[in-house]
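Protein chains: 2
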Amino acid sequence: MNQTTRQEAGARPGGPGLELGIEVPSRVPTHWYNLNADLPEPAPPPLDPATDEPIRPADLEPLFAKALIAQELSTERRLEIPRPVREVYSLWRPSPLRRAVRLERTLGTRARIYYKYEGVSPCGSHKPNSSVPQAYFNLVEGIRRLTTETGAGQWGASLAFACALFGMSCEVWQVRSSYEQKPYRRLQMGVYGSQCHASPSELTESGRRMRERFPDTTGSLGMAISEAVEVAAKDPGTHYALGSVLNHVMIHQSVIGLELLDQLAEAGEEQADVVFACAGGGSNAAGIIFPLLGRNLREGSTTRFVAVEPAACPSMTRGEYRYDFGDVAGMTPKLKMYTLGTDFVPPAIHAGGLRYHGMSPMVSHAVHLGLIEPIAVEQDRSFEAGVLFARTEGIVPAPESTHAIAGALDHATSAGVGDGEVIVIGVSGNGVLDLAAYDGRF
Amino acid sequence: MNQTTRQEAGARPGGPGLELGIEVPSRVPTHWYNLNADLPEPAPPPLDPATDEPIRPADLEPLFAKALIAQELSTERRLEIPRPVREVYSLWRPSPLRRAVRLERTLGTRARIYYKYEGVSPCGSHKPNSSVPQAYFNLVEGIRRLTTETGAGQWGASLAFACALFGMSCEVWQVRSSYEQKPYRRLQMGVYGSQCHASPSELTESGRRMRERFPDTTGSLGMAISEAVEVAAKDPGTHYALGSVLNHVMIHQSVIGLELLDQLAEAGEEQADVVFACAGGGSNAAGIIFPLLGRNLREGSTTRFVAVEPAACPSMTRGEYRYDFGDVAGMTPKLKMYTLGTDFVPPAIHAGGLRYHGMSPMVSHAVHLGLIEPIAVEQDRSFEAGVLFARTEGIVPAPESTHAIAGALDHATSAGVGDGEVIVIGVSGNGVLDLAAYDGRF
């Protein structure tokens with residue numbers, strides 16, 4: 001790279017000023033994949049809770065960029081990834097696909113085990129795959145501030161990261177119990193220049209109302225959503241961002257599976273026989289599974305997909321498939337999904353990213369059609385698998401990711417595993433900021 | 001990669017059983033570089049403190065593998081990296097070299113700024129570059145257990161990681177104050193299967209003696225060294241490992257600079273004009289600098305090298321160049337180095353890896369010869385630079401690394417910076433487990 005390749009335009013927002021002339025490796029995907037183009041029947045639409053009619057794009061415009069709404073409703077197969085987004089992606093993409101040779105030997109399995117590792121992102125998880133385009137598409141429409149909610153903080157930190165790189169403001173409402181008990185993610189948001197508030201806060205009407213009614217509350221994701229949405233709805237220069245569940249998030253995450261297809265081919269594998277991915281709101285599972293599922297549907301390949309959820313929050317394996325609210329407070333459109341009901345209170349398991357009462361409508365639809373098999377794993381078993389993974393492959397996986405590892409390991413050591421079967425594990429993040437969860441487990 | 005490339009031999013120790021048939025990218029170096037081959041005069045040897053005579057290889061054999069002692073005394077320019085070590089290196093090597101375009105624009109500098117980023121390793125720093133070969137060379141000589149000391153825990157975690165992957169035992173004595181205040185690194189060692197003891201402990205004679213004399217002590221690196229060395233010296237199947245200072249560690253770390261030379265050429269840069277690296281014990285600075293310094297000496301290229309130390313622990317800029325003990329207790333051979341004296345007590349700065357009274361003899365020698373320029377940076381300035389780096393380049397740097405960034409930024413914005421000057425920053429690690437150090441700095 002020499003000086004002349006560096007673009008000099010610097011105007012913001014929009015236009016070529018957002019491109020920095022950074023070299024992007026050709027292996028970083030140029031387009032996202034949209035499963036809606038290949039499904040045998042479309043996923044049921046979100047409903048306006050007042051009318052029970054399908055929601056209209058204009059209803060979403062106070063909160064979301066038009067480009068993101070268009071993605072939400074799109075049935076195009078390939079959606080172009082803007083160059084400024086690919087420039088940021090190239091900080092960590094393509095993420096590695098590795099053969100887990102030490103793990104295979106330790107297990108004595110006949111299978112070949114690979115893992116696709118999203119923990120290499122600057123925030124340590126797959127979340128920036130969507131925070132970066134969400135920030136970008138808002139910025140080009142003139143939005144300079146984003147709000148969001150976060151539980152343990154993975155999504156909040158990822159949005160803070162994206163906003164820092166595009167010069168945007170970001171305000172995050174973090175569930176008060178996490179805000180107080182896990183200061184590292186909050187500090188990460190602060191270093192990236194975002195403001196992080198403990199929720200419920202005194203800064204919003206809904207926050208003040210909550211604090212009045214429940215003075216001792218330690219908060220919930222539902223309360224935090226209410227605060228973030230309220231602030232965005234009141235200011236035309238501010239939008240809201242969501243880190244999972246919605247279709248446009250599933251689309252952004254497809255970079256994982258698209259890279260996986262290329263990398264398996266490079267490794268000389270015709271196809272993955274089975275993919276294991278953890279699923280909370282569904283963004284990680286959709287990201288690694290959908291591009292391969294689309295290939296199954298279009299080309300007749302026969303990869304199996306297993307979505308692994310915690311036994312303590314079993315929306316897919318024990319929930320109902322019906323319309324329900326996406327948030328606890330009942331403010332969002334109604335979504336057709338596997339749900340435990342908005343009054344389900346998940347226990348305080350360590351995998352904070354898997355504590356959600358529902359499941360992405362697109363993932364739910366694929367499960368309902370029998371295209372993805374859900375299983376549930378106990379927390380003790382998942383950490384046991386995580387420790388073995390760390391000691392053989394050298395990486396401490398996120399508590400969420402240990403669920404996928406446990407599912408894969410149980411399969412790889414079962415009587416039914418095929419000779420030379422190709423198993424792929426989606427490792428959605430590293431567990432560096434979750435090491436306390438491993439205490440007493442080794 | 002297909003099944004037939006997987007080697008089936010599994011015997012340990014030594015032999016092909018340590019090779020797993022993992023594909024190693026060609027860009028992972030095949031040889032380490034040894035600056036001792038190119039220096040105009042050899043570095044003064046370590047002395048036996050009893051006789052003040054140069055130490056003999058046999059004196060070191062109770063503690064170190066013969067292969068590592070041979071490296072310590074070698075004047076060969078290129079030393080082969082065994083394939084099993086390269087297989088582990090390939091988990092994160094080559095580490096990225098990136099152009100810091102957002103940072104350049106924010107500064108408005110005329111320089112081109114690159115950074116070489118070691119934070120992508122599974123432990124988050126450059127330390128595994130040496131822990132992996134140290135574990136390997138011990139294992140092939142029949143050693144099954146390693147001991148070491150650690151302060152904040154970067155080195156301890158890196159040795160634990162290496163021992164896990166080679167199936168070895170590892171015991172780490174961690175300074176009690178860090179053990180109690182910073183549990184994450186200790187948990188990391190535990191997940192990797194190592195035992196981590198608070199030092200001083202009841203497990204060793206020297207530990208018990210210390211606790212008797214100073215019942216309230218929170219420990220020191222000197223005490224922890226004594227404990228780790230005592231355990232290794234008493235058991236023929238156990239050796240001791242050190243994460244910095246010694247020549248063989250500097251040699252292992254040369255992979256950083258060797259990759260940098262290739263990557264600069266790929267980027268179309270003839271040479272780096274100046275390299276900034278933080279220096280505590282010297283392993284990071286030697287790693288990125290020595291291969292380029294060797295090129296200066298052999299081929300007449302003109303790269304400048306700046307080693308950045310904290311103003312609070314200024315061994316190179318304010319210390320004396322003389323023989324001194326490597327540890328506080330005076331148990332090691334005497335080393336010719338820049339030193340603040342073994343009774344110097346560094347203040348509790350956040351960059352724990354830079355709190356050392358001395359400096360690697362090889363780095364000291366190069367500084368003494370005028371081949372490396374030392375500068376000192378205040379802690380507040382270094383964190384300010386770290387925050388700017390995070391907000392522009394997306395990575396939260398380790399407190400140690402912020403020193404190099406501060407030095408580089410001050411230069412890039414100075415009147416003296418050349419048009420199109422190529423500045424390289426060695427970013428030795430990420431600051432994810434040091435986020436508490438950033439509190440109140442944004």
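Residue numbers (the UniProt record's numbering), protein chains in the order written: chain P, 1 to 442; chain Z, 1 to 442.
Cβ atoms here follow ideal geometry from the backbone N, Cα and C, with glycine treated the same way.
In this text, all values refer to a predicted model and were calculated from it rather than measured experimentally.
- Got a sec? Which residues, its chain only, sit under 7 Å from residue 400 of chain P by beta carbon, not counting five neighbours each side? In chain order, 278, 280, 351, 353, 354, 428, 429 place their CB closer than 7 Å to the CB of residue 400 of chain P, counting only its own chain and leaving out the 5 sequence neighbours on each side.
- Examine chain Z for any beta-carbon lying closer than 8 Å to the beta-carbon of residue 439 of chain P, and answer yes or no. Chain Z, which has a Cβ nearer than 8 Å to the Cβ of residue 439 of chain P, makes this yes.
- To the nearest angstrom, report how far apart residue 297 of chain P and residue 105 of chain P are at their CA atoms. Spanning the two alpha carbons is a distance of roughly 34 Å.
- Query: Is any beta-carbon of chain P found at less than 8 Å from that of residue 89 of chain Z?
  - Reply: The Cβ of residue 89 of chain Z sits no closer than 8 Å to any Cβ of chain P.
- Please name the residue in Z:235, Z:200, Z:372, Z:57 whose C-alpha comes closest to that of residue 528 of chain Z. It is not possible to answer for residue 528 of chain Z, since the shown part of chain Z is limited to 1 through 442.
- Do the stretch 330-345 of chain Z and the stretch 389-409 of chain Z make contact, defined as three or more Cβ pairs closer than 8 Å? Flag = no, the stretch 330-345 of chain Z and the stretch 389-409 of chain Z do not touch.
- Task: Return no unless some Cβ of chain Z is closer than 8 Å to the Cβ of residue 452 of chain P.
- Result: Because chain P in this structure spans residues 1 to 442, residue 452 of chain P falls outside the shown range and cannot be described.
- Is there at least one Cβ from chain P nearer than 8 Å to residue 290 of chain Z's Cβ? Any Cβ of chain P closer than 8 Å to the Cβ of residue 290 of chain Z would place that residue at the interface, and such an atom is absent.
- Task: State buried or exposed for residue 150 of chain P, treating a residue as buried only when at least 16 other CB atoms are found within 10 Å of its CB.
- Result: The residue is buried, with at least 16 neighbouring Cβ atoms inside 10 Å.
- Residues of the stretch 104-123 of chain Z whose Cβ lies closer than 7 Å to any Cβ of chain P, in chain order: Among the residues of the stretch 104-123 of chain Z, those with a Cβ less than 7 Å away from any Cβ of chain P are 105, 112, 120, 122, in the order of the chain.
- Listed from N- to C-terminal order along the chain, which residues in the stretch 139-160 of chain P have their beta-carbon within a distance smaller than 7 Å of any beta-carbon of chain Z? Going along the stretch 139-160 of chain P in chain order, one finds no residue with a Cβ nearer than 7 Å to chain Z.
- Query: Quick one: any contact between the stretch 314-321 of chain Z and the stretch 379-386 of chain Z, if contact means 3 or more CB pairs under 8 Å?
  - Reply: With a cut-off of 8 Å on Cβ pairs, the stretch 314-321 of chain Z is not in contact with the stretch 379-386 of chain Z, counting fewer than three such pairs.
- Looking at the structure shown, is residue 278 of chain Z part of a helix, part of a strand, or coil, going by DSSP? In the structure shown, residue 278 of chain Z sits in a strand (DSSP, three-state: E or B).
- Comparing the C-beta of residue 375 of chain P with each C-beta of chain Z, is any distance below 8 Å? So no, residue 375 of chain P is outside the interface.
- Query: Between the stretch 224-235 of chain Z and the stretch 259-269 of chain Z, do three or more beta carbon pairs fall short of 8 Å?
  - Reply: Contact between the stretch 224-235 of chain Z and the stretch 259-269 of chain Z is not established, with fewer than three Cβ pairs separated by less than 8 Å.
- Going by DSSP, name the residue or residues bridged to residue 239 of chain P. Beta-bridge partners assigned by DSSP to residue 239 of chain P: P:146.
- Message: Between residue 179 of chain Z and chain A, is any beta-carbon pair separated by less than 8 Å?
- Response: Any reference to chain A falls outside this structure, whose protein chains are P and Z.
- Spatial neighbours of residue 89 of chain Z within its chain, please: CB distance less than 6 Å, with the 5 preceding and 5 following residues excluded, ordered by chain position. If you ignore the 5 residues before and after residue 89 of chain Z, its C-beta comes within less than 6 Å of the C-beta of 28, all in its own chain and listed in chain order.
- Whose Cβ in chain P lies nearer than 8 Å to the Cβ of residue 263 of chain Z? Using a Cβ-Cβ cut-off of 8 Å, residue 263 of chain Z is close to nothing in chain P; its nearest Cβ partner there is about 10 Å away.
- Message: With a threshold of 8 Å between beta carbons, is residue 193 of chain Z in contact with chain P?
- Response: Output row for residue 193 of chain Z: interface = yes.
- By the criterion of Cβ-Cβ separation under 9 Å, what are the contact partners of residue 442 of chain Z in chain P? Per Cβ cutoff of 9 Å: 187, 190, 191, 192, 193.
- In angstroms with no decimal places, state the Cα-to-Cα distance between residue 20 of chain P and residue 245 of chain Z. Taking the straight line from one Cα to the other gives about 40 Å.
- How about residue 160 of chain Z and residue 172 of chain Z: do their beta carbons lie closer than 8 Å? Judged by beta-carbon spacing, residue 172 of chain Z lies within the 8 Å limit of residue 160 of chain Z, meaning their Cβ atoms are closer than that value.
- For the stretch 373-405 of chain P, which residues have a CB atom closer than 7 Å to at least one CB atom of chain Z, in sequence order? Listed by position along the chain: 387, 390, 391, 394, 395, 396.
- Considering only residues of the same chain and omitting the five flanking positions on each side of residue 272 of chain P, which have a CB-CB separation below 8 Å? Cβ-Cβ distances below 8 Å link residue 272 of chain P to 114, 260, 264, 292, 303, 422, 423, 424 in the same chain, with the five nearest sequence neighbours on each side left out; the list follows chain order.
- Whole-angstrom Cβ separation of residue 433 of chain Z and residue 249 of chain P, contact assumed at under 8 Å? For a cut-off of 8 Å, the C-beta gap from residue 433 of chain Z to residue 249 of chain P is around 29 Å, too long to register as a contact.
- Item | 6 Å Cβ shell around residue 36 of chain P - same chain, five flanking residues per side excluded | Excluding residues within five positions, the ones whose Cβ falls inside 6 Å are 75.
- Message: Against chain Z, does residue 429 of chain P count as a neighbour if the rule is that its beta carbon must be under 8 Å from one of theirs?
- Response: Contacts with chain Z at 8 Å (Cβ-Cβ) do not include residue 429 of chain P.
- Determine the extent of the beta strand (DSSP E) in which residue 356 of chain Z is found, giving its start and end residues. Neither: residue 356 of chain Z is in no beta strand (DSSP E) and is coded neither H nor E.
- Query: Nearest chain P C-beta to residue 69 of chain Z closer than 8 Å, yes or no?
  - Reply: For residue 69 of chain Z, the nearest beta carbon of chain P is not closer than 8 Å to its own beta carbon.
- Query: Can you name, in chain order, every residue of its own chain whose Cβ lies under 6 Å from the Cβ of residue 120 of chain Z, other than the five neighbours on each side?
  - Reply: Excluding the 5 residues flanking it on each side, residue 120 of chain Z has same chain C-beta neighbours closer than 6 Å at 92, 95, in chain order.
- Bounding residues of the beta strand (DSSP E) (the contiguous stretch that carries residue 98 of chain P): Its beta strand (DSSP E) spans residues 97-99.
- Query: Do residue 44 of chain Z and residue 55 of chain Z have their C-beta atoms closer together than 8 Å?
  - Reply: No.
- Task: Report the neighbours of residue 22 of chain P on chain Z: residues whose CB is nearer than 8 Å to its CB, in chain order.
- Result: Those are 99, 101, listed as they occur along chain Z.
- Message: Rounding to the nearest angstrom, what Cα-Cα distance links residue 215 of chain P and residue 203 of chain P in this structure?
- Response: Distance between the alpha carbons of residue 215 of chain P and residue 203 of chain P is about 15 Å.
- Message: Using CA atoms only, rank isn't needed, just tell me which of Z:218, Z:211, Z:240 is closest to residue 228 of chain Z.
- Response: Among Z:218, Z:211, Z:240, the Cα nearest to that of residue 228 of chain Z belongs to Z:240.
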